[in-house]
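> Protein chains in written order, with this note's numbering: chain L, 74 to 567; chain B, 172 to 516. Backbone N, C-alpha and C define an ideal beta-carbon position, used for all residues, glycine too. Just so we're clear, the structure is a prediction, and the values are computed from it rather than from any experiment. Structure in structure tokens, see below.
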């Protein structure tokens with residue numbers, strides 16, 4: 074079997090942080106090569122180097138037996154390297170056809186009908202059923218991916234890089250995507266498949282390379298490796314599972330009575346005890362996110378009552394909620410959680426600023442520094458550089474920074490909205506451990522998640538949500554997963 | 172695993188010195204080069220008198236640039252700064268000369284009026300939800316029209332008096348009074364941005380308004396206050412302008428300088444590394460930018476270069492400063508860019 078791509082000793086440095094240490098990667102023709110590793114392991118950087126988006130500092134790249142010198146995005150396309158990102162890189166207002174033909178050499182004056190016909194041909198050979206005249210913004214995430222794949226095929230791509238391709242897909246869409254990938258393989262196209270999700274690796278890939286801290290720690294044939302071995306390679310040691318102890322105390326810190334914010338939240342009542350982890354599980358879009366926003370005062374409630382430590386409250390803004398000792402770690406890190414172009418330190422102290430002052434307005438800078446160092450160490454944020462700009466951190470460390478930011482406010486009630494989406498296994502286990510520690514220290518946690526296994530494992534009790542309502546309460550026990558899944562996925566129209 | 176972790180876990184506050192220097196002081200480095208060039212070419216450029224006159228000239232545009240910086244950092248924009256300055260000057264003139272009000276009252280009322288115009292900008296942005304660029308583009312015309320209406324198209328000439336000799340000709344040691352005011356405001360602005368909750372909130376609002384809101388910051392209030400600051404500093408600039416020229420004049424003196432003042436302030440802000448997308452930029456960079464703009468004007472004036480070269484130089488400088496800024500922030504060091512060539516063969 075010949076290699077279509079060989080990367081040898083590739084090194085990469087961002088400012089003063091080494092991201093890749095002499096990484097080797099060999100990809101076979103017409104096969105799926107999975108690239109796994111935790112957030113920050115260097116997977117994305119390696120792929121972007123191959124796709125010509127970052128120049129490499131050192132190392133050799135051989136494509137189709139030919140050594141490649143300077144590799145920029147244009148050259149990469151010329152060599153048959155294509156990359157499909159997590160968020161598709163399409164022009165949303167242009168039609169499917171225009172997007173597919175974007176990379177092609179066209180006549181200066183474009184004949185629209187001809188454009189549509191050519192795009193239809195490309196889609197037909199690929200076997201995709203899409204309306205080429207539709208603007209891309211009307212498509213689902215999966216359909217957008219198909220457009221990207223069609224675009225890549227039309228550019229004679231031999232090596233297709235896919236980054237977290239299934240993050241936004243449903244199960245049937247995922248199956249379809251995998252069928253598409255297998256078909257690409259038959260046409261001799263190699264796929265480099267970047268993922269966190271190990272079952273996918275074992276379902277799809279022929280070989281797997283594990284990156285850890287910027288180094289290739291092993292490439293294995295799928296038939297010769299077990300999932301446990303891959304996890305060990307990723308993490309660098311055997312995993313010990315965090316366990317959660319059930320709280321005994323019945324000390325109510327938060328009570329909701331018939332809280333509604335239509336149409337997403339419909340008459341939710343719940344009670345949260347001191348030192349308890351209360352899980353709120355349900356399929357994505359069942360109203361957990363909106364419930365969290367109502368409790369935190371981001372959205373106003375239509376009706377209902379809320380009590381914090383027995384006192385009735387009505388939050389108009391998040392700052393009211395923060396004053397009552399509530400914190401919300403939101404789902405959308407980049408949109409709602411962090412200041413991407415501000416340094417880590419300033420991000421961490423942001424909600425705590427009012428407590429770091431002398432005479433209300435002037436900041437106590439030494440106290441601030443202490444808080445930042447404290448939180449960085451507490452949550453083991455890497456690299457531990459408080460002046461580093463937030464967007465330069467990996468996803469897992471951004472998530473830790475977001476948690477650090479809210480723990481610094483010393484909340485009584487911590488609401489976590491999907492805290493482990495897109496997070497690698499080790500950081501995930503670390504966060505789970507942190508959550509149970511916090512609960513033991515007396516903090517009350519409200520965990521919103523569509524990962525039922527996660528809520529059942531971590532929580533003392535789990536409330537299941539469906540269509541904005543709480544439909545069932547279960548004990549926090551992973552054995553209940555089948556039952557929970559059955560309840561949340563019931564179709565109410567039946 | 173523990174061992175490797177410990178190595179990276181030492182907390183560093185800053186990037187290495189040289190990198191930090193290049194990243195944060197691009198305008199200052201260019202300024203030093205420009206100063207060296209002028210001191211070699213232009214006779215008398217380095218004299219104390221000339222340097223003080225540069226500071227003096229920089230004070231009006233500088234005050235406006237500081238106000239604009241607050242607005243930009245909070246993710247807004249203010250095109251009406253020069254127009255507010257016009258109105259401020261005309262109101263001051265009308266109150267003080269035509270209505271014979273005491274100087275103190277005229278100063279306070281005209282500053283209040285300028286701040287009020289900033290408030291209107293702020294309300295248009297935060298309440299009416301106009302995009303800042305459009306809101307202040309509109310008020311730029313409105314305020315300019317207002318200033319013309321106040322004066323009835325006529326200039327107001329001031330009579331020489333103690334106020335003018337203090338503000339216009341007065342000195343603190345060797346430092347002209349406008350420069351003293353400018354430096355004082357710059358220091359206060361630096362401290363406010365660096366060491367107060369308000370300053371951090373300004374950066375947060377410009378950096379990500381949703382996250383700022385979720386962190387308990389009243390986003391609209393912070394934005395509104397930045398427009399107030401901008402209006403107030405334009406009013407202050409107007410007082411210095413009036414005192415220096417002894418004329419609060421729309422038609423002759425000012426309208427010519429009007430667009431120059433606005434563009435000088437915007438140039439200073441851009442060269443100073445204040446992001447027009449909000450949330451990024453430092454006071455020391457801005458001061459470098461302000462000095463650079465006015466050193467350039469002064470030096471080229473001494474060399475009797477025409478305004479054609481002047482504009483050429485300023486445009487190139489903006490492109491250079493912003494380009495260097497992006498280059499140093501891109502995370503690829505010069506050494507590595509050069510090493511790149513070895514890979515090409």
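(1) Among the residues of its own chain, which have a CB less than 8 Å from the CB of residue 222 of chain B, if the five just before and after it don't count?
(2) In whole angstroms, what separates the C-alpha of residue 504 of chain B from that of residue 563 of chain L?
(3) Could you check whether residue 535 of chain L and residue 528 of chain L sit closer than 8 Å to each other, using their CB atoms as the reference points?
(4) For residue 347 of chain B versus residue 467 of chain B, is the C-beta distance shorter than 8 Å?
(5) Rounding to the nearest angstrom, what Cα-Cα distance links residue 214 of chain L and residue 491 of chain L in this structure?
(6) DSSP three-state label for residue 77 of chain L, please.
(7) Distance check for residue 401 of chain B and residue 237 of chain B, CA to CA, integer angstroms please.
(8) What did DSSP end up calling residue 131 of chain L once you bin it into helix, strand or coil?
(9) Rounded to whole angstroms, how far is the Cβ of residue 246 of chain B from the Cβ of residue 450 of chain B, which I believe are closer than 8 Å?
(10) Taking the CB atoms as reference points, tell me whether residue 259 of chain B and residue 406 of chain B lie closer together than 8 Å.
(11) Indicate the three-state DSSP secondary structure (helix, strand or coil) for residue 185 of chain L in the structure shown.
(12) For residue 260 of chain L, write down the residues that DSSP places opposite it in a beta bridge.
(13) Mind checking whether residue 404 of chain L and residue 471 of chain L have CB atoms under 8 Å apart?
(14) Using the rule of at least 16 other Cβ atoms within 10 Å of the residue's Cβ for burial, across every protein chain shown, is residue 256 of chain L buried or exposed?
(15) Could you give the first and the last residue of the continuous alpha helix (DSSP H) run that contains residue 148 of chain L?
(16) Can you tell me which of the three DSSP states residue 326 of chain L falls into?
(17) Since I believe residue 413 of chain L is in contact with residue 475 of chain L (beta carbons under 8 Å), could you give me their beta-carbon distance rounded to a whole number of angstroms?
(18) Cutting at 8 Å between CB atoms, please list the residues of its own chain near residue 477 of chain L, excluding the five before and the five after it.
(19) Nearest to residue 305 of chain B by alpha carbon, out of B:398, B:249, B:475?
(20) Where does the unbroken alpha helix (DSSP H) through residue 391 of chain B begin, and where does it stop?
(21) Taking DSSP as the reference, what is the three-state secondary structure of residue 168 of chain L?
(22) What are the partner residues of residue 521 of chain L, as DSSP defines its beta bridges?
(23) What are the start and end residues of the beta strand (DSSP E) that includes residue 391 of chain L?
(24) Helix, strand or coil for residue 320 of chain L? Go by DSSP, reduced to three states.
(25) Using a Cβ cut-off of 8 Å (strictly closer), state whether residue 319 of chain L contacts chain B.
(26) Could you tell me whether the stretch 87-103 of chain L touches the stretch 281-294 of chain L, using the rule of 3 or more Cβ pairs below 8 Å?
(27) If we ignore side chains and look at the alpha-carbon of each, how far apart do residue 364 of chain B and residue 263 of chain L end up?
(28) Between the alpha carbons of residue 424 of chain L and residue 489 of chain B, how many angstroms are there, rounded?
(29) Between residue 371 of chain B and chain L, is any beta-carbon pair separated by less than 8 Å?
(30) Roughly how many angstroms lie between the CA atoms of residue 338 of chain B and residue 349 of chain B, to the nearest whole one?
(31) Going along chain L, which residues have a C-beta under 7 Å from residue 384 of chain B?
(32) Is the Cβ of residue 297 of chain B closer than 8 Å to any Cβ of chain L?
(33) Would residue 505 of chain L be called buried (16 or more neighbouring beta carbons within 10 Å of its own) or exposed?
(34) Are the beta-carbon atoms of residue 278 of chain L and residue 106 of chain L separated by less than 8 Å?
(35) Which residues, in order along the stretch 341-371 of chain B, keep a beta-carbon less than 7 Å from a beta-carbon of chain L?
(36) Let me know if residue 223 of chain L comes out buried or exposed under the rule of 16 or more other beta-carbons within 10 Å of its beta-carbon.
According to the data block:
(1) On the second chain, residue 222 of chain B is found 51 positions in, with the first residue counted as 1. Shown here for residue 222 of chain B: not one same chain residue has a beta carbon closer than 8 Å to its own, the five before and five after excluded.
(2) For the purposes of this step, residue 504 of chain B is taken as residue 333 along the second chain, with counting starting at 1. For the purposes of this step, residue 563 of chain L is taken as residue 490 along the first chain, with counting starting at 1. Unreliable positioning characterises residue 504 of chain B in this predicted model, as indicated by a pLDDT of 45, which lies under 50. A coordinate reading is not provided.
(3) In the first chain, the residue the question calls residue 528 of chain L occupies position 455. In the first chain, the residue the question calls residue 535 of chain L occupies position 462. In contact: residue 528 of chain L and residue 535 of chain L (Cβ atoms closer than 8 Å).
(4) As a position in the second chain, residue 347 of chain B is number 176, starting the count at 1. As a position in the second chain, residue 467 of chain B is number 296, starting the count at 1. If you check the CB distance, residue 347 of chain B and residue 467 of chain B do not come in under 8 Å.
(5) The residue you call residue 214 of chain L lines up with position 141 of the first chain. The residue you call residue 491 of chain L lines up with position 418 of the first chain. Looking at the two C-alpha atoms, the distance is approximately 20 Å.
(6) As a first step, residue 77 of chain L is located in the first chain; it is residue number 4 there, counting from the start. It is a strand residue.
(7) Counted from its first residue, the second chain places residue 237 of chain B at position 66. Counted from its first residue, the second chain places residue 401 of chain B at position 230. Pairing residue 237 of chain B with residue 401 of chain B, the inter-Cα distance amounts to about 8 Å.
(8) In the first chain, the residue the question calls residue 131 of chain L occupies position 58. Looking at residue 131 of chain L - three-state DSSP - the assignment turns out to be strand.
(9) Here residue 246 of chain B is taken as the residue at index 75 of the second chain, counted from 1. Here residue 450 of chain B is taken as the residue at index 279 of the second chain, counted from 1. Yes, they are in contact, since the Cβ atoms of residue 246 of chain B and residue 450 of chain B sit about 7 Å apart, within 8 Å.
(10) Residue 259 of chain B sits at position 88 when you count from the first residue of the second chain. Residue 406 of chain B sits at position 235 when you count from the first residue of the second chain. Yes. Within cutoff.
(11) Residue 185 of chain L sits at position 112 when you count from the first residue of the first chain. When DSSP states are grouped into helix, strand and coil, residue 185 of chain L belongs to the helix group.
(12) Residue 260 of chain L sits at position 187 when you count from the first residue of the first chain. The partner list for residue 260 of chain L (beta bridge, DSSP) is empty, contrary to what the question assumes.
(13) Within the first chain, residue 404 of chain L is the residue found at index 331, counting from 1. Within the first chain, residue 471 of chain L is the residue found at index 398, counting from 1. Taking the C-beta atoms as reference points, residue 471 of chain L is found no nearer than 8 Å to residue 404 of chain L.
(14) Taking the first chain and counting its residues from 1, the one referred to as residue 256 of chain L is at position 183. By the neighbour-count rule (16 or more Cβ atoms within 10 Å), residue 256 of chain L is not buried but exposed.
(15) To locate residue 148 of chain L, count along the first chain from 1; it is residue 75. For residue 148 of chain L, the enclosing alpha helix (DSSP H) stretches over residues 146-151.
(16) Within the first chain, the letter at position 253 stands for residue 326 of chain L. Reduced to three states, the DSSP call for residue 326 of chain L is strand.
(17) One-based indexing of the first chain puts residue 475 of chain L at position 402. One-based indexing of the first chain puts residue 413 of chain L at position 340. So it is not a contact: roughly 12 Å between Cβ atoms.
(18) Translated into the one-based positions of the first chain, residue 477 of chain L becomes position 404. Sequence-distant Cβ neighbours of residue 477 of chain L in its own chain, meaning closer than 8 Å and more than five residues away, are 421, 448, 449, 451, 452, 454.
(19) By 1-based counting over the second chain, the position of residue 305 of chain B is 134. If we check each option's Cα against that of residue 305 of chain B, B:249 comes out closest.
(20) Residue 391 of chain B sits at position 220 when you count from the first residue of the second chain. Unbroken alpha helix (DSSP H) run through residue 391 of chain B: 390-416.
(21) In the first chain, counting from the first residue as 1, residue 168 of chain L sits at position 95. Note: residue 168 of chain L maps to strand in three-state DSSP.
(22) Indexing the first chain from 1 puts residue 521 of chain L at position 448. In the DSSP assignment, residue 521 of chain L is bridged to L:353, L:490.
(23) Along the first chain, one-based indexing puts residue 391 of chain L at 318. Here residue 391 of chain L belongs to no beta strand (DSSP E); instead the alpha helix (DSSP H) covers 391-396.
(24) As a position in the first chain, residue 320 of chain L is number 247, starting the count at 1. Reliability of the predicted coordinates at residue 320 of chain L is poor, the pLDDT of 44 falling under 50, and no value is obtained from them.
(25) Walking along the first chain from the start, residue 319 of chain L turns up at place 246. Note on residue 319 of chain L: pLDDT 44, under 50, position unreliable in the model; no value is reported.
(26) These segments touch.
(27) Locating residue 364 of chain B in the second chain gives position 193, counting from the first residue. Locating residue 263 of chain L in the first chain gives position 190, counting from the first residue. Looking at the two C-alpha atoms, the distance is approximately 52 Å.
(28) Here residue 424 of chain L refers to the residue found at position 351 when the first chain is read from its first residue. Here residue 489 of chain B refers to the residue found at position 318 when the second chain is read from its first residue. Cα to Cα, the separation comes out at about 36 Å.
(29) What you label residue 371 of chain B is simply residue 200 of the second chain in a count that begins at 1. Judged by the 8 Å Cβ criterion, residue 371 of chain B is in contact with chain L.
(30) Within the second chain, numbered from 1, the residue matching residue 338 of chain B stands at position 167. Within the second chain, numbered from 1, the residue matching residue 349 of chain B stands at position 178. When only Cα atoms are considered, residue 338 of chain B and residue 349 of chain B end up about 7 Å apart.
(31) If you number the second chain from 1, residue 384 of chain B lands on position 213. When 7 Å is used as the limit between beta carbons, residue 384 of chain B is near these residues of chain L: 391, in chain order.
(32) To locate residue 297 of chain B, count along the second chain from 1; it is residue 126. By this cut-off, residue 297 of chain B is not an interface position.
(33) As a first step, residue 505 of chain L is located in the first chain; it is residue number 432 there, counting from the start. Under this definition residue 505 of chain L is a buried residue.
(34) Residue mapping note: residue 278 of chain L aligns to position 205 of the first chain, counting from 1. Residue mapping note: residue 106 of chain L aligns to position 33 of the first chain, counting from 1. In contact: residue 278 of chain L and residue 106 of chain L (Cβ atoms closer than 8 Å).
(35) Of all residues in the stretch 341-371 of chain B, only 366, 367, 368, 369, 371 come within less than 7 Å of chain L when Cβ atoms are compared, listed by chain position.
(36) On the first chain, residue 223 of chain L is found 150 positions in, with the first residue counted as 1. Counting the other CB atoms within 10 Å of its CB gives residue 223 of chain L a total of 16 or more, which places it among the buried residues.
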